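A.B. asks:
In our numbering, the protein residues as written are 16 to 106.
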């Protein structure tokens with residue numbers, strides 16, 4: 016009796032960055048360009064804390080307005096499912 020062979024299934028997970036990417040949605044199988052939403056992550060909170068400690072209270076909230084400090088979430092524009100997240104600083 017020969018052993019049963021199991022098929023190998025390879026799943027492609029793209030590397031999400033700060034910009035929209037073209038990919039096939041794993042939920043609806045549509046070929047899409049991701050819709051991105053910027054959300055505050057760890058980095059703006061750290062910068063705000065440093066500004067507060069050093070007495071720069073007037074600019075404490077500024078890191079939440081700078082796009083290059085924010086995390087980026089990727090969504091499918093067709094089915095609206097969350098596809099991934101780009102994190103500036105991991106926890």
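Virtual Cβ for every residue (Gly too), placed ideally from N, Cα, C.
On a predicted model such as this, the values are computed, not experimentally measured, just so you know.
Can you name, in chain order, every residue of its own chain whose Cβ lies under 7 Å from the Cβ of residue 92, other than the five neighbours on each side?
C.D. replies: 47 and 50
A.B. asks: What residues are listed by DSSP as bridge partners for residue 82?
C.D. replies: Bridge partners of residue 82: none, in fact.
A.B. asks: Are the CB atoms of residue 86 and residue 100 within a distance shorter than 8 Å?
C.D. replies: A contact, by the Cβ cut-off of 8 Å.
A.B. asks: Taking all protein chains shown into account, do 16 or more other C-beta atoms lie within 10 angstroms of the C-beta of residue 88, making it buried, or fewer, making it exposed?
C.D. replies: buried
A.B. asks: Assuming residue 78 and residue 63 are in contact, meaning their beta carbons sit under 8 Å apart, how far apart are those beta carbons, in whole angstroms?
C.D. replies: 5 Å
A.B. asks: So what does DSSP say about residue 57, is it helix, strand or coil?
C.D. replies: helix
A.B. asks: Using the C-alpha atoms, what's the distance from residue 53 back to residue 39?
C.D. replies: 21 Å
A.B. asks: At the level of alpha carbons, what is the spacing between residue 76 and residue 28?
C.D. replies: 34 Å
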